[in-house]
Each structure stands twice: as C-alpha cells, then as structure tokens.
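Note that my numbering gives residue 84 to position 36 of the sequence shown, counting from 1, and the numbers run on in steps of one. Even glycine gets a Cβ: it sits at the ideal position worked out from N, Cα and C. Owing to the predicted nature of the structure, the values given are computational and were not obtained by experimental measurement. A short worksheet on the structure shown next.
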Amino acid sequence: MSDLSRLAEGDAVVAAERERFLAEEELKASRTRFLMLNRSARWVLLTAVTLTVVSLCASLAGLSFLRLVSIPGSVATLAGVYLMVLSMRAYRRLSRARERQVEIVDRYRQTVWTPGS
C-alpha cells in the first residue's frame, strides 16, 4: 500500500506543478498582451490629438492642411476625431485586458501560494 500512496502523492505533485506552470504561462501572456495594448492605445491617442490640433489650428488660420496632398482641414479634423474614437475603443479594450489580468493574477496566486505547497 505504501507504494500506491507514494505513487498517488507523486501524481498529485506532478499535477500541482503542471497547474502552476500553466498559470505562469497564462500570466506571462496576459502581461504581454496588456503591454502591447497599452502601447498601441497611447500611439493612437497621441496621433489623434496631434492630427486634430494641427488641423484645427490650420483651419482657424484659413490654411489648407497638408496642402501638398490636397487634404482640406475639415477632412483632417474628421480623421483626427475618428482616431480619437478609435483610441477610446482601444482604451476600453485595455481596461478589459487589465481586468482579465487581475483575474489571472488572482488565479495564479491561488495556484502558487496554497498553504500546502
């Protein structure tokens, strides 16, 4: 019977290690996704604000924005506003990714820091 109990105990240890490994991998993937979303959301927002401010200033000054490619200021302003809408969507996705990451971290902590391990 002691051989069977040692075998069962070894299986339990292997299962716990496997669960811990999977939790670590999920945590790493979650962090990477969050950082990528954060970076892209910032760039979209920065581009949107820059484009909108420059085009509004050009419109107020009576100039055509990007005269070299014949884009009127109103089109550039609309493009900036559209980019702002996209950045708001990106920040919402970022918020959901952050909530998901918190859930994964909690699950990871439960997996790794159980009293018996």
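query: Given a threshold of 16 other Cβ atoms within 10 Å of its Cβ, counted over all protein chains shown, does Thr169 qualify as buried or as exposed?; result: Outside the displayed span of the chain (49 to 165) sits residue 169, for which this structure offers no information.
query: Using 8 Å as the Cβ pair cut-off and three pairs as the minimum, do the stretch 76-93 and the stretch 138-154 touch?; result: yes
query: Once the 5 residues before and after Val129 are set aside, which same chain residues still bring their CB inside 7 Å of it?; result: Thr100
query: Counting only the same chain and skipping the five closest in sequence on each side, list residues whose C-beta sits under 6 Å from that of Tyr156.; result: Ala71, Leu75
query: Considering only C-alpha positions, which residue in the set Arg54, Ala60, Ser103 is nearest to Val123?; result: Ser103
query: Hey, how far is the Cα of Thr98 from the Cα of Val92?; result: 10 Å
query: For Thr95 and Arg141, what's the separation of their Cα atoms in angstroms?; result: 18 Å
query: Let me know if Ala63 comes out buried or exposed under the rule of 16 or more other beta-carbons within 10 Å of its beta-carbon.; result: exposed
query: Given this structure, state the Cα-to-Cα distance separating Val133 from Glu73, to the nearest angstrom.; result: 33 Å
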